[in-house]
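J.: Following this message is one structure expressed as structure tokens.
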């Protein structure tokens, strides 16, 4: 899984300007006169906005990511309706034979109750079995896909035999508020009031997005973390 | 593919009431006094709203459908962000072995340019090949899925070997405006200013939804058809 | 301010059905076999969905309200983008001379910091002053509005002299998830992790909507209250 | 009314890249090999996307505008739910006495049917009357506003006497798809299949936004105009 930040216009200062037009006008002038340091005032304002769920100032920015991940990750990703997507299409192009199999560090044994699963390592042979099984299906399915294409079956029908482990790619564009909402649901946050239980593979994508976002808007990111990583 | 209208609160009269609060107040009283037939006035108002793209009056209603279709259809469906979805989850339950293969009447040969594909029948042997290939992958993949589950691999990992032809089910809730937007993009409308080129399988779902919607809001549906089936 | 529930299709059972399609399939069968009471199971499921922020099952329902309130309330209301609106239009009809003035129980003295204002009663003469001032402006402005209309100025221009205290009316349609989000921001919840500081007048509208919603979906409402009234 | 483009990340090339990930992969390589000029290919692709209503590639960009306009314009503007807003707040700051009155070139006489009004010039005395009336209300209302503030009435209550002609300011952020949708409804397009009848004052804001957008994405803008200015 890879995430590349393709383009962005996202700064903590955008949050501050947007908030000041609505809430802080006269207040700000007083503070400035009283000599409070500008940097610490921005931080205070952003913390206040996050804590009191003033969400709209976090929307005046934009980040476009190029994401490569398997279809089962994209299926979960695209349930998030406050983002823009363009994905590689199996109707318009022939899909390449790149498939997900679980890495050795992927814990494969599920424990706990529905909705709150936890995962623990199994015997190493379990990973071997899952990898071999995943590869066998990938090879078998891709060969059938090729056979159908060679015979003249339309791409949009032939692709239906490909498994959910198939890699695809997409551009996804979000603003910081949407991204924080996404992160709050798709990364683990045991310290939060609102624990979440994401599938590890989408969490890996989410973590890479968070890493790319953090240096762009460090004050916003810090406020998000301090608030138990719940979006405003 | 099946579509069942599970619950609805959707009437042409909802459109009329919502429109009258905003636009028609005093006008309406005059018309009523002048003896114009109420039914034909409703029809005229709905036609006017549709033609001049007053979209919001078409939103005060709700339809919930239960849809059964393959994953590759749901992938396209869920790109529509103005609807509510709950789908069967391969994380929480074991998926059942029901798979899509193309029916004899499904034209499998793609002609035309990207973005404007057309489909024509091929030799019957092409369908036989596609069906046999689809079944072979389904059987192989489902057996591997079972093998992984039996060995103790977590459902959320094991499911990644299942192909896009797997059937799933979902509840989807939309209002008439969203539904018209969906239909305008996912059914063919050669007579329209804006032709669309949906994959046949999602069009089949869309057609079933349109059939279920039509008797609920006959005036709205007629206006939608008359307007080249473009949503306001 | 008045709120009338015009139409609804909203039941706790809709939440349960939507959730079960995705998350609870096989689990449910086991529970049923083990003799757990169905009513308490529904309640448990709804509480679980609310607590763990599974928001989508709360979207498969719909409520349409007819709201009468002043323009300054509607200005705040319509910032909520996940609802459908049709409001009385000053372009299409002549506005009626109904205006807001503060009631005696409206606390008029603002204390506290920006973003966290509190309000306390002032001297009764303060209310008298505000009411007299509000009425004077309403009468003066409405007379000028009439003068412009009589002279032949277009309604859409003449209306610009009317004050924000003018009453208007609208249809607004929301699902339970949107409504909970609205309530979490527009009613006071001192007990919550996330306090909010709504203007009293929109809170009055929100409270009336909550009253109308509560008997439709009592389990959902109880779970919302128990969770500090934060939307999932 | 003023519009300032504060920040943008919006280029025709963003549209092209996003479209190519989904639809054009292999096609593009062939074209490149065959020596077609890249510039004209981009133009062709953008025209194709616009005509066939492939809307999502137009979403991977962002523009933030600072808009100053009267409240009655903002009331219409904020009905557009696919944008981000932060407006000056009468709860947090004292509003400045700046008010709209119709300019001499504003046609004040409304003719035609509801929903399709047209406006023609009246006698110059009509403008004089409207201006004098607008000023009288503004002065009267603002003096009462000040009186209430001086007496200690909370800003959020005192502001309710201010008229809809009051100027306010906001940050609004949109992507090109949202902007095109906004422009298609809020500017006149007599040549289109879908005429619109915006109030002149919001159309002035929309025209300024269109002017600011046009040089950023000239190919997209040209395709939008050529298509009767209907958003995809």
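Residue numbers (this note's numbering), protein chains in the order written: chain U, 78 to 309; chain P, 78 to 309; chain B, 78 to 309; chain R, 78 to 309. Cβ coordinates follow ideal geometry from the N, Cα and C atoms, glycine included. Keep in mind the model is a prediction, meaning the values are calculated, not measured.
To the nearest angstrom, how far is it from the Cα of residue 266/U to the Cα of residue 121/P?
T.: Rounded to the nearest angstrom, the two C-alpha atoms are 55 Å apart.
J.: If we ignore side chains and look at the alpha-carbon of each, how far apart do residue 141/R and residue 85/R end up?
T.: 6 Å
J.: Throw me the rounded Cβ distance for the residue 264/U and residue 280/U pair, which I believe falls under 8 Å.
T.: 5 Å
J.: Identify which residue in 203/U, 78/U, 238/U and 294/U has its Cα closest to the Cα of residue 135/U.
T.: 294/U
J.: Report yes or no: is there a C-beta of chain B within less than 7 Å of the C-beta of residue 296/R?
T.: no
J.: Residue 178/R by DSSP, collapsed to three states: which one?
T.: coil
J.: If you run the structure through DSSP and keep just helix, strand and coil, what is residue 219/P?
T.: helix
J.: Quick one, which of 78/P, 91/P, 88/P and 139/P has its alpha-carbon nearest residue 91/B's?
T.: Just measuring C-alpha positions, the residue of 78/P, 91/P, 88/P and 139/P sitting nearest residue 91/B is 139/P.
J.: What does a CB cutoff of less than 7 Å around residue 105/B pick up in its chain, not counting 5 residues either side in sequence?
T.: Residue placement at residue 105/B is poorly supported in this model, since its pLDDT is 48, which falls under 50; the coordinates are not used for a value here.
J.: Which term fits residue 309/B, buried or exposed, when burial requires 16 or more other beta carbons within 10 angstroms of its beta carbon?
T.: buried
J.: Cβ of residue 78/R within 7 Å of Cβ of residue 146/R?
T.: yes
J.: Mind checking if residue 49/R is an interface residue toward chain P, Cβ cutoff 7 Å exclusive?
T.: This structure gives no information on residue 49/R, because the portion of chain R shown stretches from 78 to 309.
J.: When you compare each of 241/R, 99/R and 284/R to residue 151/R by their alpha carbons, which one comes out closest?
T.: For residue 151/R, the closest of 241/R, 99/R and 284/R by C-alpha to C-alpha distance is 241/R.
J.: Quick one: grab the DSSP three-state call for residue 294/R.
T.: coil
J.: Evaluate residue 215/P with the Cβ neighbour count: other Cβ atoms within 10 Å of its Cβ, from every protein chain shown; 16 or more gives buried, anything less gives exposed.
T.: buried
J.: I'd like to know if residue 267/R contacts chain U, where contact means its C-beta is closer than 7 Å to some C-beta of that chain.
T.: no
J.: If contact is defined by three or more beta carbon pairs under 8 Å, each pair taking one atom from either stretch, is the region 222-230 of chain P in contact with the region 200-218 of chain U?
T.: yes
J.: Starting from residue 292/R, find everything on chain U with Cβ-Cβ shorter than 7 Å and list it in chain order.
T.: Residues of chain U passing the Cβ test: none, with the nearest at roughly 17 Å.
J.: Can you tell me whether residue 179/B is buried or exposed? The criterion is at least 16 other CB atoms within 10 Å of its CB, across all chains shown.
T.: buried
J.: Using a Cβ-Cβ cutoff of 8 Å, what residues of the region 171-191 of chain B are near chain P? List them in chain order.
T.: Taking 8 Å as the Cβ-Cβ cut-off, the region 171-191 of chain B approaches chain P at 171, given in chain order.
J.: Of all the CB atoms in chain U, is at least one closer than 7 Å to the CB of residue 84/R?
T.: Residue 84/R counts as touching chain U.
J.: CB-CB under 6 Å to residue 88/U, same chain, minus the five flanking residues each way: which ones, in chain order?
T.: none
J.: Strictly under 7 Å for the Cβ-Cβ distance: is residue 165/P near chain B by that measure?
T.: yes
J.: Restricting to Cα atoms, I'd like to know which of 172/P, 154/P and 225/P is closest to residue 262/P.
T.: 154/P
J.: Within the 7 Å Cβ cut-off, does residue 130/R reach chain P?
T.: yes
J.: Return the chain-ordered list of same chain residues with a C-beta closer than 8 Å to the C-beta of residue 212/P, the five sequence neighbours on each side being excluded.
T.: 176 and 178
J.: Please work out which residues of its chain come closer than 8 Å, Cβ to Cβ, to residue 291/U, disregarding the five sequence neighbours upstream and downstream, and give them in chain order.
T.: 298
J.: Measure from the C-beta of residue 240/P to each C-beta in chain U and report whether the shortest distance is under 7 Å.
T.: yes
J.: When the distance is taken between beta carbons, is residue 164/U closer than 7 Å to residue 210/P?
T.: no
J.: Do residue 167/R and residue 254/R come within 7 Å of each other at the CB atom, strictly closer than that value?
T.: no
J.: If I follow the unbroken alpha helix (DSSP H) through residue 262/B, where does it start and stop?
T.: 253-263
J.: Closer than 8 Å by C-beta to residue 302/U: which residues in its own chain qualify, once you throw out the five before and the five after it? Chain order, please.
T.: none
J.: Mind checking if residue 117/P is an interface residue toward chain B, Cβ cutoff 7 Å exclusive?
T.: no
J.: Since residue 162/P and residue 156/U are thought to touch, with beta carbons under 8 Å apart, how far apart are those beta carbons, to the nearest angstrom?
T.: Rounded to the nearest angstrom, the Cβ distance from residue 162/P to residue 156/U is 7 Å, consistent with a contact under 8 Å.
J.: So which residues on chain U does residue 237/R lean against when the C-beta distance must stay under 8 Å?
T.: What residue 237/R touches in chain U: nothing, since even the nearest Cβ is about 18 Å away.
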